[in-house]
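Visitor: Counting in our numbering, the sequence shown runs from 69 upward without gaps.
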Amino acid sequence: MKPLWLVVRAVALLTLAAGPARAAGPPLAESALRATLVQALLATGPAQQERLAELADSGSRVVREVLTAWTRDEVYLYEGANGAKVPVLLEDQQDAAGKARALRVADGQVLTDAQGHALRFGAADLTSVETDMRLRRTIQQALDELALADPDPNARQSAVLKLGNSGREKYVPLLAGRLKKEPNAAVRKSLDEAVALLQLGDTNTTVQIGATAALARYRAIGALDNLQRLANAKATAAPVAQAARAAIRSIQEHITWVHFFGTVFRGLSLGSVLLVVALGLAITFGLMGVINMAHGEMIGVGAYTCYVVQNLFGAGFAFSITLPFSFAGRPLSFGLHLPGLNATGWWYQSYFLLAIPLSFLTAALAGWAVERTVVRFLYRRPLESLLATWGVSLFMQQAFRMVFGANNVQVN
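What follows is the structure, given as structure tokens:
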């Protein structure tokens, strides 16, 4: 065991020693992207278009922020002592004079004078990087491509839906090109649907018929309105209208089955909850002669446990409570912050495997606490148990409101 411990300790020391070296500067990829950003901001004509095209597929958050600021005329040029122009962004936080620190686009660092003091400017003190209509269109196209290359699959899917619903056929090559690079199956499906949705407006009847067939195959509920407009338009060719109506029938049939099985599932779900509640009340009253008015709150304990576990798998869980009392002129308050795992993908989706058994456990512990402190003294006394457990239910409800808020919380 001792040699193994020595090896683990050595690895840990090496990891700690390597940490500051990695944190000394931005990653090489980000440095290269920032350098290309500066070139795009300072260049003109075709060179500027080429730099923007290079940035479009990066998926970088920094690039997206700078390009968005550029479209709002919020990227400025600072002229240094040697006459060199330095692209900068102004921070949101301003001083009393309405001036803010400037951040260099090249490295994200604060712009300073020769003595190392941070320089502050107002928007009127600097010249914004100029744009025209053509350049704005190019920047917007780069932003659209950036959204399609976002590291988060959910963000990519949202971008695909936005472009697919735009009705602009110019996005077809962009989405088709992204389809070849997309690794996520769900996003690929959305890309196929978006391309087919845009192709409904094509002038080629063969392309339109192929698009309607694709939308019918994917049961694209969101395309139903577009298909109905296409089928009812007078200018639509007869074969296209016929294919559109067939796609509409297929999608509507799919919606019917979805509603049927959804209704069955919701009925079974609600019925099972009511059955469990009824059995719990019947058992406690039949065996112990206790009417438990806090029975619903016990279910709430399990539900809120599931919600907390979901948050712990995500960004974390925190709450703060201020009591209606004060001590030495200060209100009494306390809180708790539990850091999250920041899980994504299947790892985040599997949180319920832990949440379900924990919900049973916490509800059981809450029930045991109520039995030990209140119910054990009230066996075979229905009226007294009703009043006592009603008070327990009010206490638990107020505790839920203070910790989780008065509004319902969502368990996905």
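For every residue, glycine included, the Cβ atom is placed at its ideal position computed from N, Cα and C.
#1: Is there contact here, the stretch 324-340 with the stretch 417-434, by at least three beta-carbon pairs under 8 Å?
#2: Would E365 and Q276 be called neighbours here (beta carbons separated by less than 9 Å)?
#3: Determine the DSSP secondary structure at L404, reduced to helix, strand or coil.
#4: At the level of alpha carbons, what is the spacing between D181 and L187?
#5: Among K257, F381, G397, L214, which one has its Cα closest to the Cα of R129?
#6: Use the C-beta contact count for F395: other C-beta atoms within 10 angstroms, 16 or more gives buried, fewer gives exposed.
#7: By DSSP, does K238 sit in helix, in strand, or in coil?
#8: Please work out which residues of its chain come closer than 8 Å, Cβ to Cβ, to V143, disregarding the five sequence neighbours upstream and downstream, and give them in chain order.
#9: Answer yes if the stretch 336-352 comes into contact with the stretch 384-404, meaning at least three C-beta pairs across the two stretches below 8 Å, and no otherwise.
#10: Within 10 angstroms of the Cβ of F381, are there 16 or more other Cβ atoms? Answer buried if so, exposed if not.
#11: Once DSSP output is grouped into helix, strand and coil, what is the label at K257?
#12: Report the three-state DSSP secondary structure of P88 (helix, strand or coil).
#13: DSSP on Y286, reduced to helix/strand/coil?
#14: DSSP three-state label for L391, please.
#15: Can you give me the start and stop residues for the beta strand (DSSP E) that E147 sits inside?
#16: For L298, which residues in the same chain have their Cβ closer than 8 Å to its Cβ, ignoring the five residues on either side in sequence?
#17: Taking A314 as part of the beta strand (DSSP E), name the residues at either end of that continuous run.
#18: Using the C-alpha atoms, what's the distance from G397 back to A434?
#19: Measuring CB to CB, does G403 end up less than 9 Å from S427?
#20: Would L101 pass as a contact of L120 if the rule is Cβ separation under 9 Å?
#21: Measure from the alpha carbon of G354 to the alpha carbon of each residue in Q320, A165, D141, R449, then state which is nearest.
#22: Let's test the definition: count the other Cβ atoms within 10 Å of the Cβ of D260 and tell me whether it reaches 16, buried, or not, exposed.
#23: Does the distance from the CB of A284 to the CB of S234 come in under 9 Å?
#24: Write down every uninterrupted run of the alpha helix (DSSP H) in the stretch 411-453 whose length is 4 residues or greater and which is fully enclosed by it, in chain order.
#25: Where do the N-terminal and C-terminal ends of the beta strand (DSSP E) with P155 fall, by residue?
#26: If you draw a straight line from the alpha carbon of L406 to that of A383, how long is it in whole angstroms?
#27: What's the call for E250, buried or exposed, on a 16-neighbour Cβ count within 10 Å?
Guide: On the basis of the coordinates in this document:
#1: no
#2: By one-based count along the sequence shown, residue 365 stands at place 297. By one-based count along the sequence shown, residue 276 stands at place 208. No, Cβ-Cβ distance for E365 and Q276 is not below 9 Å.
#3: In the sequence shown, the residue the question calls residue 404 occupies position 336. Here L404 sits in strand by DSSP.
#4: Here the question's residue 181 lines up with position 113 in the sequence shown. Here the question's residue 187 lines up with position 119 in the sequence shown. Computed Cα separation, rounded: 6 Å.
#5: Walking along the sequence shown from the start, residue 129 turns up at place 61. Selected option, being the one with the closest Cα: L214.
#6: Counting from 1 along the sequence shown, the entry for residue 395 is found at position 327. Label assigned to F395: exposed.
#7: For this step, residue 238 is matched to residue 170 along the sequence shown. Looking at K238 - three-state DSSP - the assignment turns out to be coil, as it is neither helix nor strand.
#8: The residue you call residue 143 lines up with position 75 of the sequence shown. Once the five neighbours on either side are set aside, the close Cβ partners of V143 are L109, V134, A137, P155, V156, L157, V173, S196, V197.
#9: no
#10: Taking the first residue of the sequence shown as position 1, residue 381 is located at position 313. Looking at its Cβ environment, which holds 16 or more other Cβ atoms inside 10 Å, F381 is buried.
#11: Translated into the one-based positions of the sequence shown, residue 257 becomes position 189. Reduced to three states, the DSSP call for K257 is helix.
#12: Along the sequence shown, read from residue 1 onward, the residue named residue 88 stands at position 20. Here the model assigns P88 a pLDDT of 39, short of 50, so the residue's position is not dependable and the matter cannot be decided.
#13: Counting from one through the sequence shown, the residue named residue 286 turns up at place 218. Residue state, collapsed to three classes: coil.
#14: Mapped onto the sequence shown, residue 391 falls at position 323. Of the three classes helix, strand and coil, the one that applies to L391 here is strand, per DSSP.
#15: One-based indexing of the sequence shown puts residue 147 at position 79. 143-147 is the extent of the beta strand (DSSP E) around E147.
#16: The residue labelled residue 298 in the question sits at position 230 within the sequence shown. Excluding residues within five positions, the ones whose Cβ falls inside 8 Å are L268, Q276, T280, T304, V308, A309, A312.
#17: Residue mapping note: residue 314 aligns to position 246 of the sequence shown, counting from 1. Unbroken run through A314 is the alpha helix (DSSP H), 306-356; no beta strand (DSSP E).
#18: Your numbering for residue 434 matches position 366 in the sequence shown. Your numbering for residue 397 matches position 329 in the sequence shown. Cα to Cα, the separation comes out at about 35 Å.
#19: The residue you call residue 403 lines up with position 335 of the sequence shown. The residue you call residue 427 lines up with position 359 of the sequence shown. No, the pair does not count as a contact, with Cβ atoms beyond the cut-off.
#20: If you number the sequence shown from 1, residue 101 lands on position 33. If you number the sequence shown from 1, residue 120 lands on position 52. No, these two residues do not count as a Cβ contact at 9 Å.
#21: Translated into positions along the sequence shown, residue 354 becomes position 286. Cα-wise, what sits closest to G354 is R449.
#22: Along the sequence shown, read from residue 1 onward, the residue named residue 260 stands at position 192. By the neighbour-count rule (16 or more Cβ atoms within 10 Å), D260 is buried.
#23: Along the sequence shown, one-based indexing puts residue 284 at 216. Along the sequence shown, one-based indexing puts residue 234 at 166. No, they are not a contact pair.
#24: 413-417, 420-441
#25: Here residue 155 corresponds to residue number 87 of the sequence shown, with the count starting at 1. Per DSSP, P155 belongs to the beta strand (DSSP E) from 153-158.
#26: Mapped onto the sequence shown, residue 406 falls at position 338. Mapped onto the sequence shown, residue 383 falls at position 315. When rounded, the distance between both Cα atoms is 9 Å.
#27: Position 182 of the sequence shown, counted from the start, is the residue given in the question as residue 250. Buried, because 16 or more other Cβ atoms sit within 10 Å of the Cβ of E250.
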